[in-house]
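Structure, as structure tokens:
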Amino acid sequence: MLADGAIRPDIGIMAIHHDHDHDVRTGASLMAAAERALVGSGEQWTAMRASVFAALSGFERPASAYDVTEAVSTAQGRRIAANSVYRILDLFVANNVATRVESANAYLANAHPGCLHDCIFLVCDICGRAAHVDDDQLSARIRETAAATGFRPEKPVVEVRGRCAECA
Ligand SMILES: [Zn+2]
Ligand SMILES: [Zn+2]
Ligand SMILES: [Zn+2]
509 MLADGAIRPD
519 IGIMAIHHDH
529 DHDVRTGASL
539 MAAAERALVG
549 SGEQWTAMRA
559 SVFAALSGFE
569 RPASAYDVTE
579 AVSTAQGRRI
589 AANSVYRILD
599 LFVANNVATR
609 VESANAYLAN
619 AHPGCLHDCI
629 FLVCDICGRA
639 AHVDDDQLSA
649 RIRETAAATG
659 FRPEKPVVEV
669 RGRCAECA
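Using my numbering, you'd call the opening residue of the sequence shown number 509 and step up by one each time.
Below you can see the structure in the form of structure tokens.
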């Protein structure tokens, strides 16, 4: 578990106000955690889904469905239909295995597939990288504020545009 405000320098993710073991992973360990999360929600971890996740987690910045399709096609040495990649990415997002960066119209492998948060993305306008922070108190307040109007919030989308520490 990371202390409040601790930054993991390897992935630039900050955890704030966690009352649980925040399970952040990379590489093979992330791949295994994604498989566990998907299988745990009753979905199959097929060879195609594994390829899409491997391609997605290979990107340093949010990748469009098109980018992911290209990467999977290259890895497999054959043309993969964009539609099937779209469907798999949507399935990943629905099961917390990937996240969508709405303002970039792109996807990221979720570094904490076993751990549900309203991830807050920090999107760099210069290099396109997106770090993210998790602040459950902040996102709970957004949900409460929305709910107070009678609105039924499903998912807050909070993205901060700006310059990352390297580009600043
Ligand atoms: Zn967590
Ligand atoms: Zn998160
Ligand atoms: Zn940057």
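Note that beta-carbon positions come from the ideal geometry of N, C-alpha and C, so glycine has one too. None of these values were measured; they are calculated from a predicted model.
I'd like the span of the alpha helix (DSSP H) that includes V547, first residue to last. G535 to G548
Can you tell me which residues fall inside 7 Å of ligand 3, judged by beta-carbon distance to its nearest heavy atom, and keep chain order? C632, I634, C635, R637, R671, C672, E674 and C675
Measuring CB atoms only, is the stretch 633 to 649 touching the stretch 561 to 579, in the sense that at least three cross pairs come out at less than 8 Å? yes
In or out: G513 buried (at least 16 other Cβ within 10 Å) or exposed? In this prediction, G513 has a pLDDT of 43, which is less than 50 and means its spatial position is unreliable; nothing more can be read from the coordinates.
Span of the alpha helix (DSSP H) around F567: Run containing F567: none; DSSP gives neither H nor E here.
Which of the three DSSP states, helix, strand or coil, is assigned to N604? coil
Is the beta carbon of H530 within less than 6 Å of some heavy atom of ligand 2? no
Can you list, in chain order, the residues of its chain with a C-beta nearer than 8 Å to that of Y615? Leave out the 5 residues immediately preceding and following it. L564, P570, A571, S572, A573, V576, L597, F600, V601, A606, T607, R608 and V609
Boundaries (first-last residue) of the beta strand (DSSP E) holding I628: I628 to C632
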